[in-house]
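Asks: Questions regarding the structure given below will be posed in turn.
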Amino acid sequence: MTLTGQGYVALGAQAAPAKGVRKDNPYHDERGRFTTADGAGGAASRGTKLKEHTAQGGVPDEENRGEEEPADPLAETRNQQWGDAVKTLRALDPKNTHLSYATAPDWVPTDKDIANINAEIAKVAVKRVTDYVMPGGHMIGTPGGGPDVRNLPGGTKAAEAAFNYLRVGGTPYSGEYPGEMVVLPENTGWVGLRINDENVPTVDVNVPKALGSTRFHFPRD
Amino acid sequence: MKQINEIAAGFLEEAAHDYVGLWAIAPTVRRDLGLSSNEQVKARSLDIVRILLDHGLLPGTYLKTGFHYWNERDPASIIARIDKEWDPARGDPPLPHPICWFTTKQPQQ
Numbered sequence: 000m001t002l003t004g005q006g007y008v009a010l011g012a013q014a015a016p017a018k019g020v021r022k023d024n025p026y027h028d029e030r031g032r033f034t035t036a037d038g039a040g041g042a043a044s045r046g047t048k049l050k051e052h053t054a055q056g057g058v059p060d061e062e063n064r065g066e067e068e069p070a071d072p073l074a075e076t077r078n079q080q081w082g083d084a085v086k087t088l089r090a091l092d093p094k095n096t097h098l099s100y101a102t103a104p105d106w107v108p109t110d111k112d113i114a115n116i117n118a119e120i121a122k123v124a125v126k127r128v129t130d131y132v133m134p135g136g137h138m139i140g141t142p143g144g145g146p147d148v149r150n151l152p153g154g155t156k157a158a159e160a161a162f163n164y165l166r167v168g169g170t171p172y173s174g175e176y177p178g179e180m181v182v183l184p185e186n187t188g189w190v191g192l193r194i195n196d197e198n199v200p201t202v203d204v205n206v207p208k209a210l211g212s213t214r215f216h217f218p219r220d
Numbered sequence: 000m001k002q003i004n005e006i007a008a009g010f011l012e013e014a015a016h017d018y019v020g021l022w023a024i025a026p027t028v029r030r031d032l033g034l035s036s037n038e039q040v041k042a043r044s045l046d047i048v049r050i051l052l053d054h055g056l057l058p059g060t061y062l063k064t065g066f067h068y069w070n071e072r073d074p075a076s077i078i079a080r081i082d083k084e085w086d087p088a089r090g091d092p093p094l095p096h097p098i099c100w101f102t103t104k105q106p107q108q
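As they're listed, the protein sequences go chains A and B.
Under numbering that gives the first Met the number 0, the first residue of the first sequence carries the number 0, and numbering increases by one thereafter.
Under numbering that gives the first Met the number 0, the first residue of the second sequence carries the number 0, and numbering increases by one thereafter.
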């Protein structure tokens, strides 16, 4: 993304990358903006209108006094939301084109910017789970006895590895569940890890708008 | 398209090895019967539940502390409770709020 007069837009079809801006730049500030190695480029005063200089080079105090624009009361919240969203998207899909953007130092994301990146997160989160569960459109594993039940080898370690892959970007669920569960980004679904009644490590996947429900059993070796 | 009995048979098979939750039944009914209406998914899922109950499965709440059987034991009461707790306007019962799970095991006396 790059900042335009209208906000940020994705690099690529809409805009050419700015010189020195490229994907996978390892230097990002806490908001996900590109910085230099020393972290420059991020901090700037916000909500302060630049003082206007007169033709004589002076600053007419009367004119500039009290010209500070009222700070956007939601700017900090939106910055936090944006930073969190960038972190989530980077965790899910480090090469996502939405991560290639540059902004002016005092840029504050709009609600629309945040909605856009969250929509991308939802799309990527569902794709990540779908690609794992159904690579090439075919369910992984072997029939496990019952609709949408699949068996996979590897026991506990494999079950934990699958759960840890699928849980990326998710939020731990604190409610009742007979194991450990996370809510997938943007509430796109849930993934749980439990030991079933036959002592078999089991991963429950529930992504209503893409996969429905699937259970993976990892019989112990 | 699968028939109700065929779908139920799959869950009976699954219940022999693991608890079966409504969170798993509803999406399967939706997909296998090609339904889009939440009300229809609920109605056909309850048909599946009736078959499971006819085969002796018991409902309960499945928590970290184990499987807690419902007090309701007769099918009419069980269906009534599920019907009351399932608001189709909110979609299918999700994994965190599955309403109930089913097991083939009888409670220990």
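For every residue, glycine included, the Cβ atom is placed at its ideal position computed from N, Cα and C.
Being a predicted model, the structure only gives us computed values, none of them experimental.
Can you tell me the Cβ-Cβ gap for LEU183(A) and ALA114(A), rounded? I've got them flagged as a contact below 8 Å.
Replies: Here residue 183(A) refers to the residue found at position 184 when the first sequence is read from its first residue. Here residue 114(A) refers to the residue found at position 115 when the first sequence is read from its first residue. Contact flag wrong, Cβ pair sits at about 18 Å.
Asks: Quick check: is the beta carbon of GLU175(A) nearer than 8 Å to any beta carbon in chain B?
Replies: The residue you call residue 175(A) lines up with position 176 of the first sequence. Yes, GLU175(A) counts as interfacial toward chain B.
Asks: What are the residues that DSSP puts in a beta bridge with ASN205(A)?
Replies: Against the first sequence, residue 205(A) aligns to sequence position 206. DSSP, once it has assigned bridges, lists TRP189(A) and SER212(A) as partnering ASN205(A).
Asks: Can you tell which of VAL199(A), HIS97(A) and ASP110(A) has the C-alpha that lies nearest to the C-alpha of LYS122(A)?
Replies: Along the first sequence, one-based indexing puts residue 122(A) at 123. Among VAL199(A), HIS97(A) and ASP110(A), the Cα nearest to that of LYS122(A) belongs to HIS97(A).
Asks: Sort ILE50(B), GLY59(B) and LYS41(B) by Cα distance to ASP86(B) and report the nearest one.
Replies: Here residue 86(B) is taken as the residue at index 87 of the second sequence, counted from 1. The shortest Cα separation from ASP86(B) among ILE50(B), GLY59(B) and LYS41(B) belongs to LYS41(B).
Asks: Who does TRP100(B) pair with in a DSSP beta bridge?
Replies: Along the second sequence, one-based indexing puts residue 100(B) at 101. GLY20(B) and GLY59(B).
Asks: Using a 10 Å radius around the Cβ and a threshold of 16 neighbouring Cβ atoms, would you call ASN198(A) buried or exposed?
Replies: Stepping through the first sequence from its first residue, residue 198(A) is reached at position 199. Result: exposed.
Asks: Which residues in chain A have a C-beta closer than 8 Å to the C-beta of HIS54(B)? List them in chain order.
Replies: For this step, residue 54(B) is matched to residue 55 along the second sequence. Correct list: empty, because the minimum Cβ distance to chain A is about 14 Å.
Asks: By a C-beta neighbour count over all protein chains shown, 10 Å radius and 16 as the cutoff for buried, is ASP92(A) buried or exposed?
Replies: Mapped onto the first sequence, residue 92(A) falls at position 93. Its Cβ being crowded by 16 or more others within 10 Å, ASP92(A) is buried.
Asks: Kindly list, in the order they appear in chain A, the residues whose Cβ is closer than 7 Å to that of LYS82(B).
Replies: Within the second sequence, the letter at position 83 stands for residue 82(B). Checking the sequence, you will find Asp at residue 82(B) rather than Lys. Within chain A, no residue comes near ASP82(B); the closest Cβ sits about 20 Å away, beyond 7 Å.
Asks: For VAL167(A), which residues in chain B fall below 8 Å Cβ to Cβ?
Replies: Taking the first residue of the first sequence as position 1, residue 167(A) is located at position 168. The contacting residues do not exist; VAL167(A) stays about 18 Å from chain B at best.
Asks: With DSSP collapsed to three states, give me the class of TYR68(B).
Replies: Locating residue 68(B) in the second sequence gives position 69, counting from the first residue. DSSP places TYR68(B) in strand when its eight states are reduced to three.
Asks: Going by DSSP, name the residue or residues bridged to ASN221(A).
Replies: Since the displayed chain A opens at 0 and closes at 220, residue 221(A) lies outside it and no answer follows.
Asks: Label PRO108(A) either buried or exposed according to how many other C-beta atoms from any shown protein chain fall within 10 Å of its C-beta, with 16 as the threshold for buried.
Replies: Position 109 of the first sequence, counted from the start, is the residue given in the question as residue 108(A). With 16 or more other Cβ atoms within 10 Å, it is buried.
Asks: Quick check: THR102(B) and ASP147(A), are their CB atoms within less than 8 Å of each other?
Replies: The residue you call residue 102(B) lines up with position 103 of the second sequence. The residue you call residue 147(A) lines up with position 148 of the first sequence. No. Outside cutoff.
Asks: Here's a check: name, in chain order, each residue in its chain whose Cβ is nearer than 7 Å to the Cβ of GLY59(B), leaving out the five neighbours to either side.
Replies: What you label residue 59(B) is simply residue 60 of the second sequence in a count that begins at 1. Excluding sequence neighbours, GLY59(B) sits near PHE66, HIS67, TYR68, TRP69, CYS99, TRP100 and THR102.
Asks: Taking only beta-carbon positions, decide if ALA42(B) is within less than 8 Å of chain A.
Replies: Taking the first residue of the second sequence as 1, we reach residue 42(B) at position 43. It does not: the Cβ of ALA42(B) has no partner Cβ on chain A nearer than 8 Å.
Asks: Do the region 90 to 97 of chain B and the region 169 to 186 of chain A touch if we need at least three Cβ pairs shorter than 8 Å?
Replies: With the cut-off at 8 Å, the region 90 to 97 of chain B and the region 169 to 186 of chain A touch.
Asks: Taking the beta carbon of GLU181(B) as the centre, do at least 16 other beta carbons fall within 10 Å, making it buried, or is it exposed?
Replies: Because chain B is modelled from 0 through 108, residue 181(B) falls outside the range shown and cannot be assessed.
Asks: Can you find a C-beta in chain B that's less than 8 Å from the C-beta of VAL20(A)?
Replies: Along the first sequence, one-based indexing puts residue 20(A) at 21. The pLDDT assigned to VAL20(A) is 38, lower than 50, so where the model puts this residue is not dependable, and the model offers no usable value.
Asks: State the beta-bridge partners of VAL132(A) as determined by DSSP.
Replies: Here residue 132(A) refers to the residue found at position 133 of the first sequence. For VAL132(A), which the question treats as bridged, DSSP gives no partner whatsoever.
Asks: Quick one, which of ILE77(B), GLY90(B) and THR64(B) has its alpha-carbon nearest ASN195(A)'s?
Replies: The residue you call residue 195(A) lines up with position 196 of the first sequence. Ranking the options by Cα distance to ASN195(A), first place goes to THR64(B).
Asks: So ILE6(B) contacts chain A; which residues on that side make the cut at Cβ distance below 9 Å?
Replies: Along the second sequence, one-based indexing puts residue 6(B) at 7. Correct list: PRO146.
Asks: Return no unless some Cβ of chain B is closer than 8 Å to the Cβ of ASP220(A).
Replies: Against the first sequence, residue 220(A) aligns to sequence position 221. Output row for ASP220(A): interface = no.
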